[in-house]
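Student:
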Amino acid sequence: MSDLVFYTNPQSRGRIVRWMLEEVGQPYDTEIIGYDQMKSERYLAVNPMGKVPAIKHRSHVVTECAAICAYLADVFPGAGLGPRDDEKADYYRWLFYAAGPVEAAVSNQAMGWVPTPERERMFGYGNFDKVVALLDELFSHRNYVCGDRFTAADVYVGSQVMFPLQFGMLPEKDSFLRYRDRLTTRDAYKRATETDDRAQAQMQPAQPQPA
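Under UniProt numbering, the residue at position 16 of the sequence shown is numbered 16, and the numbers go up by one with no gaps.
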């Protein structure tokens, strides 16, 4: 058994971590956790929050997709996914911006919850349009979060762009589409997607056969 265990469900944000694991290229074991198992005593012993994804590495548990991506880049430096000295400011800035303001803004917008102008200052993102404009500016001037080199920050930030695009939750800005196209051509992304698609298909109940 590997000393790296990945707890996930293919219909979850676990797809982000699967991609990161494939980028890292280290052996890992996968445990698929059904939504009816997430509050079980067994899984709560791993993650008391009762949600996926999570990883256990040498008895240490890490949760939250952005934290897992940063952790894996750090403990497996040979993959070259962590930031160089001159990349650290952009790497941490945008990784945490995506994990906080971006996800909150996109989720709230999708649910139809929009802060009134007088309350925008209470929220880390201000309003949805400001988030879109800021990301559009970022990827209009660079190929990746840290410039011209792919890092672990792109796994997370890229996922926060690609998933909303897929479901019409972000406008199809040219900069977003170019960024998506760069990321989806990566071999690790393709492997991760194929693996999770197979796992998802296996979880579907068998269709009744015609008599």
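Here a beta-carbon is modelled for each residue, glycine too, at the ideal position from N, C-alpha and C.
Given the structure is predicted, the values throughout are model-derived calculations rather than measurements.
1) Ends of the alpha helix (DSSP H) at Val106?
2) Roughly how many angstroms lie between the CA atoms of Thr185 and Glu22, to the nearest whole one?
3) Given a cut-off of 7 Å, decide if Ala98 and Val157 are closer than it, judged by their beta-carbon atoms.
4) Which partner residues does Asp29 have in the DSSP bridge list?
5) Could you pull the DSSP bridge partners for residue 284 from this structure?
6) For Tyr144, which residues does DSSP report across the bridge?
7) Span of the alpha helix (DSSP H) holding Asp90?
8) In angstroms, rounded to a whole number, what distance separates the CA positions of Leu191 and Thr116?
9) Would you grab the beta carbon distance between Thr30 and Thr8 for me? Rounded to a whole angstrom, and I think it's under 8 Å.
10) For Arg18, which three-state DSSP category applies?
11) Would Trp94 and Val145 be called neighbours here (beta carbons separated by less than 7 Å)?
12) Can you name, in chain order, every residue of its own chain whose Cβ lies under 8 Å from the Cβ of Val24, other than the five neighbours on each side?
13) Excluding five sequence neighbours on each side, which residues of the same chain lie with their C-beta closer than 7 Å to the C-beta of Phe150?
14) Between the alpha carbons of Leu4 and Glu118, how many angstroms are there, rounded?
15) The alpha helix (DSSP H) that contains Gln202, what's its start and end?
16) Check whether the Cβ atoms of Val17 and Ile68 lie closer than 7 Å to each other.
17) If we ignore side chains and look at the alpha-carbon of each, how far apart do Glu137 and Val155 end up?
18) Out of curiosity, what's the CA-to-CA distance linking Met38 and Pro10?
19) Would you call Ser159 buried or exposed, if buried means 16 or more other Cβ atoms sit within 10 Å of its Cβ?
20) Alpha carbon to alpha carbon, what distance is there between Gln166 and Thr193?
21) Where Tyr92 and Lys173 are concerned, what is the direct C-alpha to C-alpha distance, given to the nearest angstrom?
22) Measuring CA to CA, which of Gly50, Tyr179, Ser59 and Arg182 is closest to Met1?
Tutor: Let me lay it out:
1) In this chain, the alpha helix (DSSP H) harbouring Val106 covers Glu103 to Ala110.
2) For Thr185 and Glu22, the distance between alpha carbons rounds to 14 Å.
3) Cβ distance < 7 Å, so Val157 and Ala98 count as in contact.
4) Asp29 pairs with Val5.
5) Outside the displayed span of the chain (1 to 211) sits residue 284, for which this structure offers no information.
6) The partner list for Tyr144 (beta bridge, DSSP) reads Gly147.
7) Its alpha helix (DSSP H) spans residues Lys88 to Tyr97.
8) For clarity, residue 191 is Arg in the given sequence; the question names Leu instead. Straight-line Cα distance between these residues: approximately 43 Å.
9) The pair is a contact, with the Cβ atoms about 7 Å apart (cut-off 8 Å).
10) Reduced to three states, the DSSP call for Arg18 is helix.
11) Taking 7 Å as the Cβ cut-off, Trp94 and Val145 qualify as a contacting pair.
12) Same-chain partners within the cutoff: Leu72, Ala73, Phe76, Ala79 and Leu81.
13) Cβ neighbours of Phe150 beyond the five flanking positions: Tyr144.
14) Going from the Cα of Leu4 to the Cα of Glu118 covers about 47 Å.
15) It spans Asp187 to Met203 - the alpha helix (DSSP H) in which Gln202 sits, taken as one unbroken run.
16) Pairing Val17 with Ile68 gives a Cβ-Cβ distance under 7 Å.
17) The C-alpha of Val155 is placed about 19 Å away from the C-alpha of Glu137.
18) So the two alpha carbons sit approximately 14 Å from each other.
19) When all chains shown are included, Ser159 counts as buried.
20) Each residue's alpha carbon lies about 14 Å from the other.
21) When rounded, the distance between both Cα atoms is 24 Å.
22) The shortest Cα separation from Met1 among Gly50, Tyr179, Ser59 and Arg182 belongs to Ser59.
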